[in-house]
Amino acid sequence: MKTVNSILMLCLMFAVVVSCRMAEKLTGGANAGTVSSLWPDVPPFEGATKTDLEIPLGARLIIRAAMQGQINFIAFKTDKPSRDVQNFYTKERMKASGWTANDKGCTSDSDEEKNHGAVCFYTRNDGAKPEGLAIVIAQDDKQKETEIFYVRIEMPPPSPSPTRR
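Just remember that this note's numbering sits 3 ahead of the position in the sequence shown, which is counted from 1.
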């Protein structure tokens, strides 16, 4: 009986390890889609420095599932608070760079007093393929810095709806 239980436990552990690797492969890995510099049509936050952070697996899965497109990203950090970064990416500033904000612009966490982060969504459709841009802002209280993820999504063109007869 102990041998059977040991073999079952070993098989279970193997399945978990394989499934984690499969999830990494499906999302392109932690560094898949990273770019070396911020795109010229995205205004850089002054004083932010490029860093080698990776988007967590869960966030990558959600972005890929929601947008169903190829993603590229780059990460920066700054010593400014997350509220300053959020206030920098206004609808007007992004519109001047060719981006259209969603209705709310940036959406922050619920605590107005202690803002720890926000997500800003923008789109543009000036070419054959529509594009999306998500700016994810996260305050790291331990390091006293703010992390900024710029995620660019090449969205597939909308598929034509079937016609009714």
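Ideal Cβ positions, reconstructed from N, Cα and C, are used throughout, including at glycine.
Notebook entry, point to check: Are the beta-carbon atoms belonging to Asn105 and Phe79 less than 8 Å from one another?
Noted result: no
Note to self: Could you check whether Ser85 and Ile37 sit closer than 8 Å to each other, using their CB atoms as the reference points?
What the structure shows: Sequence check: residue 37 is Thr here, not Ile. No, Cβ-Cβ distance for Thr37 and Ser85 is not below 8 Å.
Notebook entry, point to check: Out of curiosity, what's the CA-to-CA distance linking Ile77 and Ala141?
Noted result: 14 Å
Checklist line | Cut-off 6 Å between Cβ atoms - residues of its own chain near Val139, not counting five sequence neighbours on either side | finding: Val122 and Phe152
Next item on the list: May I have the straight-line CA-CA distance separating Asn128 from Ala51, to the nearest angstrom?
Entry: 28 Å
Checklist line | Spatial distance of Pro43 from Lys145 (CA atoms) | finding: 32 Å
Item checked: Assumed close pair Glu157, Gln73 - CB separation to whole angstroms, cut-off 8 Å -> 5 Å
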